[in-house]
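Engineer: Right, I'll just put the structure down here and ask away after.
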Amino acid sequence: RKEVEQDPGPFNVPEGATVAFNCTYSNSASQSFFWYRQDCRKEPKLLMSVYSSGNEDGRFTAQLNRASQYISLLIRDSKLSDSATYLCVVTSGGSYIPTFGRGTSLIVHP
Amino acid sequence: NAGVTQTPKFQVLKTGQSMTLQCAQDMNHNSMYWYRQDPGMGLRLIYYSASEGTTDKGEVPNGYNVSRLNKREFSLRLESAAPSQTSVYFCASSEAGGVGEAFFGQGTRLTVV
Numbered sequence: 014r015k016e017v018e019q020d021p022g023p024f025n026v027p028e029g030a031t032v033a034f035n036c037t038y039s040n041s042a043s044q045s046f047f048w049y050r051q052d053c054r055k056e057p058k059l060l061m062s063v064y065s066s067g068n069e070d071g072r073f074t075a076q077l078n079r080a081s082q083y084i085s086l087l088i089r090d091s092k093l094s095d096s097a098t099y100l101c102v103v104t105s106g107g108s109y110i111p112t113f114g115r116g117t118s119l120i121v122h123p
Numbered sequence: 469n470a471g472v473t474q475t476p477k478f479q480v481l482k483t484g485q486s487m488t489l490q491c492a493q494d495m496n497h498n499s500m501y502w503y504r505q506d507p508g509m510g511l512r513l514i515y516y517s518a519s520e521g522t523t524d525k526g527e528v529p530n531g532y533n534v535s536r537l538n539k540r541e542f543s544l545r546l547e548s549a550a551p552s553q554t555s556v557y558f559c560a561s562s563e564a565g566g567v568g569e570a571f572f573g574q575g576t577r578l579t580v581v
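For the protein sequence lines, the chains are A and B, in the order given.
Residue numbering for the first sequence follows our numbering, beginning at 14 and increasing consecutively.
Residue numbering for the second sequence follows our numbering, beginning at 469 and increasing consecutively.
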């Protein structure tokens, strides 16, 4: 079983839609959690960190459920420019190594 | 501030050839990583270096070697390239402790024929 699991999608949604991604992780001792965004043929870039209390950044809301070992990302009022792959990232181990999920593809259409 | 710089951006190798991918960061980060990304597989860790002078294997280390030359530089070497090593390679760095984000280089697109 992969350490970080994501639904690969693609999620194909119209502009203005609300879309949610989930991610599960297997290591209960994981310490830090992130969502990254990766555009086609580009490097991953941090979208937002995920805190136990949940956090919001504009149209994006991330939540962490440690008891169930899952992380979520909610995107409201989707824009065409939100089309990308969203990567769930968990750090664990003594060296806090970032482990990536396979990514969820989002396509926002007019 | 350049962040993480990788070279080369593109490379074509013949089976059996060797090459070194270079990576340098100017953010004074302790931790550096090499990942490969293949379609449908996500990013998989090849090797990492938690601090200057230390390196450790990741999920897919076979066929690769690394050198943490100093705090700034972390290179990845393919001694005898194989077609299975055709991939996109990313170097990344982060603060020690992993509480901060990882910053990535632009990637190296390697094809082994």
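Note that CB positions come from ideal geometry on N, CA and C, so glycine has one too.
Remember, predicted model here, so these are calculated numbers, not experimental data.
Give a yes or no on whether the C-beta atoms belonging to B:Gln553 and B:Val580 are separated by under 7 Å.
Structural biologist: Cβ distance < 7 Å, so B:Gln553 and B:Val580 count as in contact.
Engineer: What are the residues of the segment 106 to 123 of chain A that lie near chain B, defined by any Cβ-Cβ distance shorter than 9 Å?
Structural biologist: From the segment 106 to 123 of chain A, only Gly106, Gly107, Ser108, Tyr109, Ile110, Pro111, Thr112, Phe113, Gly114, Arg115 and Gly116 have a Cβ closer than 9 Å to chain B.
Engineer: For A:Tyr64, count neighbouring C-beta atoms within 10 Å of its own C-beta (all shown protein chains included) and say buried if the count is 16 or more, exposed if not.
Structural biologist: The residue in question, A:Tyr64, is exposed, as its Cβ has fewer than 16 Cβ neighbours within 10 Å.
Engineer: Once the 5 residues before and after B:Gln574 are set aside, which same chain residues still bring their CB inside 7 Å of it?
Structural biologist: If we look at B:Gln574 and ignore the five residues flanking it on each side, its Cβ neighbours are Gln474 and Lys477.
Engineer: Given this structure, state the Cα-to-Cα distance separating B:Lys539 from B:Tyr501, to the nearest angstrom.
Structural biologist: One C-alpha to the other measures close to 12 Å.
Engineer: Throw me the rounded Cβ distance for the A:Phe47 and B:Glu563 pair, which I believe falls under 8 Å.
Structural biologist: Actually they are not in contact, since the Cβ atoms of A:Phe47 and B:Glu563 sit about 13 Å apart, beyond 8 Å.
Engineer: Grab the span of the beta strand (DSSP E) containing B:Gln553 for me, first residue to last.
Structural biologist: Where B:Gln553 is concerned, there is no enclosing beta strand (DSSP E), given that its DSSP letter is neither H nor E.
Engineer: If we count the other Cβ atoms within 10 Å of its Cβ and call it buried at 16 or more, is A:Arg50 buried or exposed?
Structural biologist: Answer is buried; the Cβ neighbour count reaches 16.
Engineer: Taking a cut of 9 Å between CB atoms, which residues from the segment 53 to 68 of chain A lie near chain B?
Structural biologist: Within the segment 53 to 68 of chain A, the residues whose Cβ lies closer than 9 Å to some Cβ of chain B are Arg54, Lys55, Glu56, Pro57, Lys58, Leu59 and Ser62, listed in chain order.
Engineer: Would you identify the three-state DSSP class for A:Asp90, choosing helix, strand or coil?
Structural biologist: The answer is coil: DSSP assigns A:Asp90 none of H, G, I, E or B.
Engineer: How far does the beta strand (DSSP E) with B:Met495 in it reach, from first residue to last?
Structural biologist: Note, B:Met495: premise wrong, no beta strand (DSSP E); not H, not E.
Engineer: Select from the segment 37 to 52 of chain A all residues with a C-beta closer than 7 Å to any C-beta belonging to chain B, and list them in chain order.
Structural biologist: Cβ contacts with chain B come from Gln44, Ser45 and Phe47.
Engineer: How would you write the range of the beta strand (DSSP E) that B:Gly510 sits in, first residue to last?
Structural biologist: Gly510 to Ser517 is the span of the beta strand (DSSP E), which, as asked, contains B:Gly510.
Engineer: State yes or no: is the beta carbon of B:Tyr516 nearer than 7 Å to at least one beta carbon in chain A?
Structural biologist: Yes - at least one Cβ of chain A is within 7 Å of the one on B:Tyr516.
Engineer: Taking all protein chains shown into account, decide if A:Asp95 is buried (16 or more other Cβ within 10 angstroms of its Cβ) or exposed.
Structural biologist: Buried: at least 16 other Cβ atoms inside 10 Å.
Engineer: Could you round the C-beta distance between B:Tyr532 and B:Arg545 to whole angstroms and report it? I think they count as a contact, below 8 Å.
Structural biologist: Going by Cβ atoms, the distance from B:Tyr532 to B:Arg545 rounds to 7 Å, so yes, they are a contact pair.
Engineer: Tell me the rounded alpha-carbon separation between B:Gln493 and B:Tyr516.
Structural biologist: Spanning the two alpha carbons is a distance of roughly 14 Å.
Engineer: Note down the Cα distance separating B:Asn498 from B:Phe542, rounded to an integer number of angstroms.
Structural biologist: When rounded, the distance between both Cα atoms is 11 Å.
Engineer: Between the segment 488 to 511 of chain B and chain A, which residues of the former have CB atoms less than 8 Å from a CB of the latter, in chain order?
Structural biologist: Cβ contacts with chain A: Ser499, Tyr501, Tyr503, Gly508, Met509, Gly510 and Leu511.
Engineer: Are any of the Cβ atoms in chain A nearer than 7 Å to that of B:Gln574?
Structural biologist: Chain A, which has a Cβ nearer than 7 Å to the Cβ of B:Gln574, makes this yes.
Engineer: Judging by CA-CA distance, which residue of B:Gln479, B:Met495, B:Asp506 and B:Met487 is the nearest neighbour of A:Gly114?
Structural biologist: Closest by alpha carbon: B:Asp506.
Engineer: Rounded C-beta distance between A:Val32 and A:Ser91? I'm assuming under 8 Å.
Structural biologist: Sure, about 6 Å apart at Cβ, within 8 Å.
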